[in-house]
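Numbers in the numbering used here are just positions in the sequence shown, counted from 1, shifted up by 18.
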Amino acid sequence: REYGSRYIPHINRRMRLVLQSEGSTTGQPATVVIDKNGMRWIRGGWKRFVAENDVQEGDIALFERAKSTKELRMTVYFVRKSDIEV
């Protein structure tokens, strides 16, 4: 919640977001929805992004907001559950 409040501005209740996986040159359009409590949720586009990046249950997604773009763009880094030793 704190990360979203800091890096995703509260301009509108619904905003366009571009998700880009680490090392990719293209982005996946998505939508950020802000609820009445200020929580940010990634909606439209998230399921496709997850499928295209073969995200599995237990994988961890880390988000980094791009600093040099006018649009809201985030690079997503994945830590794969299969790569973590337990």
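The C-beta atom is built at its ideal place from N, Cα and C for all residues, glycine as well.
According to DSSP, which residues form a beta bridge with residue i?
i    : result
Q57  : For clarity, residue 57 is Met in the given sequence; the question names Gln instead. Its beta-bridge partners do not exist; DSSP assigns none.
T49  : R34
I102 : In DSSP, I102 forms no bridge with anything.
Can you say whether residue i is buried or exposed, counting buried as having 16 or more other CB atoms within 10 angstroms of its CB?
i   : result
L35 : buried
M92 : buried
G41 : exposed
G56 : exposed
L80 : exposed
Could you have a look at residue i and say whether DSSP puts it in helix, strand or coil?
i   : result
A84 : coil
V94 : strand
V73 : coil
With respect to the beta strand (DSSP E) encompassing residue i, which residues constitute its N-terminal and C-terminal limits?
i   : result
R32 : 32-39
Between residue i and residue j, how many whole angstroms is the CB-CB distance? I'm expecting something under 8 Å.
i   : j   : result
R31 : V51 : 7 Å
V97 : D72 : In fact, because the Cβ distance is near 14 Å, the residues do not count as touching under 8 Å.
R66 : T49 : With 8 Å as the limit, R66 and T49 do not qualify as a contact, their Cβ atoms being about 12 Å apart.
For residue i, would you say it is in contact with chain D, using Cβ-to-Cβ distances shorter than 8 Å as the test?
i   : result
F81 : Chain labels in this structure do not include chain D; a single protein chain is all it has.
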